[in-house]
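S.K.:
Residue numbers (my numbering), protein chains in the order written: chain Z, 448 to 569; chain X, 8 to 145.
1) Suppose you measure from the CA of residue 118 of chain X to the CA of residue 68 of chain X; what does that come to, to the nearest Å?
2) Quick one: using the 10 Å Cβ neighbour count with 16 as the cut-off for buried, is residue 43 of chain X buried or exposed?
3) Name, please, each residue of chain Z whose Cβ falls closer than 8 angstroms to the Cβ of residue 113 of chain X.
4) Just the C-alpha distance for residue 496 of chain Z and residue 502 of chain Z, rounded to the nearest angstrom, thanks.
5) When you compare only the Cα positions, how much space is there between residue 531 of chain Z and residue 22 of chain X?
6) So what's residue 90 of chain X in DSSP terms, helix, strand or just coil?
7) List the residues of chain Z whose Cβ lies closer than 9 angstroms to the Cβ of residue 142 of chain X, in chain order.
8) Is it true that the region 78-91 of chain X meets the region 54-63 of chain X, where meeting means three or more beta-carbon pairs spaced less than 8 angstroms apart?
9) Please report the Cβ distance between residue 100 of chain X and residue 545 of chain Z, rounded to the nearest whole angstrom; I am assuming they are in contact, meaning their Cβ atoms lie under 8 angstroms.
10) Mind pulling the alpha helix (DSSP H) runs of 4 or more residues that sit fully within the region 51-104 of chain X?
11) Would a check of beta-carbon distances place residue 551 of chain Z closer than 9 angstroms to chain X?
12) Please tell me whether residue 544 of chain Z has its Cβ less than 9 angstroms away from any Cβ of chain X.
13) Using a Cβ-Cβ distance cut-off of 9 angstroms, determine whether residue 515 of chain Z contacts chain X.
14) Chain X partners of residue 512 of chain Z, CB-CB under 9 angstroms?
15) Please list, in chain order, the chain X residues whose beta carbon lies closer than 7 angstroms to that of residue 503 of chain Z.
16) Under a three-way DSSP split, which group does residue 548 of chain Z fall into?
17) With H, G and I counted as helix, E and B as strand and the rest as coil, what does DSSP make of residue 107 of chain X?
18) Put residue 461 of chain Z into one of helix, strand or coil per three-state DSSP.
19) Closest by CA to residue 468 of chain Z, which one among Z:565, Z:529, Z:561?
20) On the DSSP bridge assignment, give the partners of residue 506 of chain Z in chain order.
21) Work out the CA separation of residue 493 of chain Z and residue 463 of chain Z for me, nearest whole Å.
22) Taking a cut of 8 angstroms between CB atoms, which residues from the region 456-477 of chain Z lie near chain X?
23) Return the Cβ separation of residue 130 of chain X and residue 70 of chain X in integer angstroms, given the expectation that the two are a contact with Cβ distance under 8 angstroms.
24) Return the bridge partner residues of residue 512 of chain Z from the DSSP annotation.
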């Protein structure tokens with residue numbers, strides 16, 4: 448189990464891809480922190496966002512509902528959302544809440560970047 | 008093996024219940040994936056109880072083996088106005104995309120992530136009883 452505080456990094460990668468790493472509890476505050484980072488990356492020209500949850504083991508539905516809002520904004524702008532390094536339970540939660548219908552899931556960051564930075568357009 | 012928690016309504020207190028699931032589930036020999044599923048379920052049950060209940064939330068966890076299949080049994084009790092569980096909708100993503108509110112997934116997640124869920128609710132008391140078998144699918 449992670450600590451309560453979420454720890455984020457946000458970076459602009461090549462080819463219009465933005466990377467957010469999030470480690471910690473994705474609740475309303477954690478989800479909002481990710482949303483703020485996503486909005487910033489979109490303003491900086493990222494049309495594809497990759498969210499790496501390697502350090503996250505616990506989430507709640509309020510946090511995931513904020514991820515749904517990020518996905519909706521990206522879809523409106525013809526962008527793309529992807530996740531990587533999900534635990535089986537987070538993966539199942541995303542499946543139940545429908546995120547996997549609209550976002551791409553990768554096993555790890557290396558696989559995600561190989562695909563997204565090769566194909567994304569910013 | 009039993010744990011009883013009386014949780015005040017303070018931010019992130021649901022993580023205390025998740026920690027208890029982690030400890031008890033681990034002691035029962037439950038896999039990490041099954042423990043994490045039960046953690047998400049108890050977090051959702053506690054959040055619902057704190058949002059709709061009338062104050063303190065009581066959480067009981069117990070390891071049981073009465074049917075020959077060891078399992079973790081979790082009860083989350085609040086003392087709010089109650090609701091009709093039969094009328095609580097199962098959410099789908101199609102219902103929430105385009106809507107301002109994307110919340111209300113708690114019971115859907117609990118039902119999907121746990122092996123058995125029973126909800127008894129009346130004005131003044133709602134009890135969510137759920138179990139996760141120690142062994143099973145992921």
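We put the beta carbon where it would ideally sit given N, CA and C, even for glycine.
M.R.: Inspection of the coordinates gives the following:
1) 17 angstroms
2) buried
3) 508
4) 18 angstroms
5) 24 angstroms
6) coil
7) Ordered by position in chain Z, no residue passes the 9 angstroms Cβ test against residue 142 of chain X, which lies about 15 angstroms from the chain.
8) yes
9) 2 angstroms
10) 100-103
11) no
12) yes
13) yes
14) 103, 108, 109, 110, 111, 112
15) None at all; the shortest Cβ gap to chain X is about 11 angstroms.
16) helix
17) coil
18) coil
19) Z:529
20) Z:473
21) 4 angstroms
22) 472, 474
23) That belief does not hold up - the Cβ atoms of residue 130 of chain X and residue 70 of chain X are roughly 32 angstroms apart, past 8 angstroms.
24) Answer is none; residue 512 of chain Z lacks a bridge partner.
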